[in-house]
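Engineer:
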Amino acid sequence: MDREQDLLIGSVIGDEGVLSIEELARACSAEPQWIIELVSVGVLEPQGREISRWRFRATDLTCARRVARLQRDFDASLDAAAVMLDLLDQIEQLRARLKLAGLDVE
Amino acid sequence: MEFKDYYKLLDIDRTATAADIKSAYRKLARKYHPDVSKEPQAEARFKEIGEAYEVLQDPEKRAAYDQLGNRWREGQEFTPPPEWGAGFEFTSDGASEAAAKDYSDFFSTLFGNFSHRGASTRIHGEDHHAKIFITLDDAFHGGTHTITLRSPQVDAQGRVVLRERSLNVQIPKGIHESQHIRLAGQGAPGIKGTTPGDLYLEIHFHPHPLYQVQGRDLSLSLPIAPWEAALGATVKAPTPTGVVEVKIPPGSQSGRKLRLKGRGIPGEPAGDLYLALEVVLPKADTEQAQQIYQAMARELAFNPREALEV
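As you go down the protein sequences, you meet chains A and B in turn.
So the first sequence is numbered by this note's numbering: it starts at 1 and just counts up by one.
So the second sequence is numbered by this note's numbering: it starts at 1001 and just counts up by one.
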């Protein structure tokens, strides 16, 4: 295949909101309605007011995909998955701090 | 290809009921789910049990799998018997099609022949996701990265087969952990002429022997001598872009942090590099060194346990 040789240049999904609700939904194999629910429970915090102008950043993509997996793999409700997400975040922050302090837990 | 003993993977008997299978899967899923587990190889184990569950929870697939009987053991070299698949037609929803790329060759060979119910209503091909591990150097200077991906594709006979392909991707300068690179059109092909999906690459760094990374910021433990800490000094410190001279303020203690602004991962704004000072004591392994320590003990009125009131 020719394209194996090509150098692909992508766009960076970073700290600035760039993904629309449709793009984020598609990246999670979900419906836009599900994204609206994630915003209403506070899992996602888009930039922009109206839904059509919502823009999501890298952390939103990571969180949304994680919630999708937790809901799918544990049959968890959105609220339960949101709590799991918060706890996982806290664990990750604690691990990062331990690591910085030179106390590696792994 | 290797035979997969799905019953063994879920640690259940061949006579297990649907409820047994579900509860065995749930238990293992909690243990190995890559989002919650810190077990080594959690992700690989989770895929294996997911694949085992996908087969055993589906009466059609389980019946077909059971037909293989007890002839093979886990990991044994396997070729499907010539009569394989006769009389079975596997149905599948979009979800298992998406998961199929994570499944083994064994699975794809046995169950790859599923139909695409519902797929034609999609406007886009599916988006795909992959993690890539880059070096800190890539983030500082930009670079290129070759990734090899396996993805399910439908062949001329309508079978889903796993194809490997490699992509050369540009890593832009300034990218950092947890950001993504979106490659338009590199996801699943669109069905019946629709737009292909995108490929999202989630960025992770290989651990660096010196620097810890947090977002755009880096931190480094910088060893200093007691007299450098006490009297202040100008010392050399490594940074990812070269050695710099750093002023240690007099009266520094271990754990003091110095910030080198803009010496972290490049960007607008660039990250910072934090140096955590670590006072290292010279060994008292010569007579001269011992004399110096003894002189300090004699001549400095120093009680390190003053705060403990002892």
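Backbone N, C-alpha and C fix where the C-beta goes; we use that ideal spot for every residue, glycine too.
Here the structure is a predicted model, which is why all the values come from computation and not from measurement.
1. Counting only runs that start and end within the segment 1183–1251 of chain B, where is the beta strand (DSSP E) found for 3 or more residues in a row?
2. Does the distance from the C-beta atom of Thr1194(B) to that of His1124(B) stay below 8 Å?
3. Under 8 Å between C-beta atoms, does Ala17(A) make it to chain B?
4. Which residues share a DSSP beta bridge with Glu1002(B)?
5. Are any of the Cβ atoms in chain A nearer than 8 Å to that of Asp1020(B)?
6. Helix, strand or coil for Tyr1274(B), going by three-state DSSP, please let me know.
7. As a quick exercise: from Arg1163(B), Tyr1200(B) and Thr1146(B), pick the residue whose alpha carbon is nearest that of Glu7(A).
8. Consider the Cβ of Glu1126(B): report whether some Cβ of chain A lies at a distance smaller than 8 Å.
9. If I measure Cβ to Cβ from Glu1097(B) and keep anything under 6 Å in the same chain, skipping five residues before and after, which residues do I get?
10. If contacts are defined as beta-carbon pairs under 8 Å, then Arg1216(B) and Ile1265(B) qualify, I think. What distance do you get, rounded to the angstrom?
11. For the 8 Å Cβ check, are there 3 or more pairs between the segment 1248–1263 of chain B and the segment 1228–1240 of chain B?
12. Please report the distance separating the alpha-carbon of Leu1300(B) from that of Pro1238(B).
13. So what does DSSP say about Phe56(A), is it helix, strand or coil?
14. Beta-carbon of Val1036(B) versus every beta-carbon of chain A: anything under 8 Å?
15. Is it buried or exposed, Met1(A), if we count other Cβ atoms within 10 angstroms and call 16 or more buried?
16. Does the contact criterion of 3 or more C-beta pairs under 8 Å hold for the segment 1001–1021 of chain B versus the segment 77–88 of chain A?
17. What residues in the segment 7–40 of chain A bring their beta carbon closer than 7 Å to a beta carbon of chain B?
18. Comparing C-alpha positions only, which one of Pro1040(B), Phe1003(B) and Lys1027(B) sits nearest to Leu1010(B)?
19. In this structure, how does DSSP classify Ala68(A) when only helix, strand and coil are distinguished?
20. Using 7 Å as the cut-off, classify the Cβ of His1145(B) as near or not near the heavy atoms of the ligand SAM, replying yes or no.
21. Among residues of its own chain, excluding the 5 on either side of Ser1104(B), which ones have a beta-carbon nearer than 7 Å to its beta-carbon?
22. For a quick check, are the C-beta atoms of Val1280(B) and Pro1196(B) less than 8 Å apart?
Structural biologist: With the given structure in hand:
1. 1199–1205, 1212–1214, 1217–1224, 1233–1237 and 1244–1248
2. Contact flag set, yes.
3. Here residue 17(A) turns out to be Gly, not Ala, going by the sequence shown. No - not a single Cβ of chain B is within 8 Å of the one on Gly17(A).
4. Glu1077(B)
5. no
6. strand
7. Going by the sequence as given, residue 7(A) is Leu instead of Glu. Of Arg1163(B), Tyr1200(B) and Thr1146(B), the residue nearest in Cα terms is Thr1146(B).
8. yes
9. With a pLDDT of only 48 at Glu1097(B), under 50, the local geometry of the prediction cannot be trusted, and no value is derived from it.
10. 4 Å between Cβ atoms; contact.
11. yes
12. 33 Å
13. strand
14. yes
15. With a pLDDT of 46 at Met1(A), under the threshold of 50, the modelled position of this residue cannot be trusted, and the question is left open.
16. no
17. Within the segment 7–40 of chain A, the qualifying residues are Leu7, Leu8, Ile9, Gly10, Ser11, Val12, Ile13, Gly14, Arg26, Ala27 and Ser29.
18. Lys1027(B)
19. helix
20. Summarising the ligand content, the structure contains no ligands, and the ligand SAM is consequently not present.
21. Lys1004 and Glu1051
22. no
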